[in-house]
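Numbering (the numbering used here), first residue to last: 8 to 289. We put the CB at the ideal spot given by N, CA and C, even for glycine. Everything on this sheet refers to the single structure shown next.
Written as structure tokens, this is what we have:
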């Protein structure tokens, strides 16, 4: 894996948007949504509006902190409150959604990707262009930011894993009713693109966990999230795609606190399961 685990992760965390999706929050409008209110707010469930507003306000704080070269501003109670609202899995991910809500959920997950990426890029806007041309400099800055924003990433990264896990049953259901045109919208790789993205996301989160210092809060938080989401991620993958994940999890057993070993063993058990969802079978 080239670069730091974080730099690789933030390039590919987004679950690919299903096309076409007729929703007021289409993925193609994401950039607009972060700087202006949605055009049809009445059509948007309140939990998504609350998350959108928290994302918008947090981005404003982040931009100001970056301009002031003051990362400590993002440790303020207000900033952490907003980030907690963005990653509120009870409100955002727990409701009983239908396949028609996949577009909304894609955006809800993309907010987490956007904020994670912006945190990892903190301070890079003021770096000379000649410096930014060197991937090593970017990796060093990314590593520094990962260490600086442990609390923030401890909310965002588990949320992103949980997003993928939440989409698993909805994607399985959608695949049973999707038209040929909708399936063609997945691109040349078809459903295998979804499987490979799911595998990469899980493996890269695992790599981020392994890169954290022993005993760090972020490391332990990610171990828990990896264990919690292993079963739904495994159900998306074909048996041959599960093997490298199992092997990576087994290697990681030596890199976690002894008290966290049972959690990784739980994750391994999830990838040992023979259960195969619709995406796995497609």
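Ranked by how close their Cα comes to the Cα of residue 126, the residues 172, 79, 104 and 112 have 79 in first place. Counting along the chain, residue 56 sits inside the alpha helix (DSSP H) bounded by residues 53–74. Straight through space, the alpha carbons of residue 102 and residue 207 are spaced by roughly 26 Å. When DSSP states are grouped into helix, strand and coil, residue 281 belongs to the coil group. In terms of Cβ geometry, residue 129 and residue 73 form a close pair [threshold 7 Å].
Under the three-state reduction of DSSP output, residue 95 falls in the coil class, being neither helix nor strand.
Beyond the five residues adjoining it in sequence on each side, residue 217 comes within less than 7 Å, by CB distance, of 259 and 262 in the same chain, given in chain order.
Taking a C-beta distance under 7 Å as the contact criterion, residue 219 and residue 210 do not qualify as a contact pair. Assigned with DSSP and collapsed to three states, residue 186 falls in coil, not helix or strand.
Excluding sequence positions up to five before and after residue 284, its CB lies within less than 7 Å of the CB of 175, 179, 242 and 243, all in the same chain and listed in chain order.
The alpha-carbon separation between residue 234 and residue 269 amounts to approximately 9 Å. With respect to residue 163, residue 100 sits apart: the two C-beta atoms are not nearer than 7 Å.
Put simply, of 110, 83, 187 and 118 the residue whose alpha carbon is nearest the alpha carbon of residue 51 is 110.
A check of alpha carbon separations from residue 124 across 272, 277 and 152 identifies 152 as the nearest.
Under a 10 Å Cβ-count criterion, residue 227 is classified as buried, with 16 or more other Cβ atoms of the shown protein chains found around its own Cβ.
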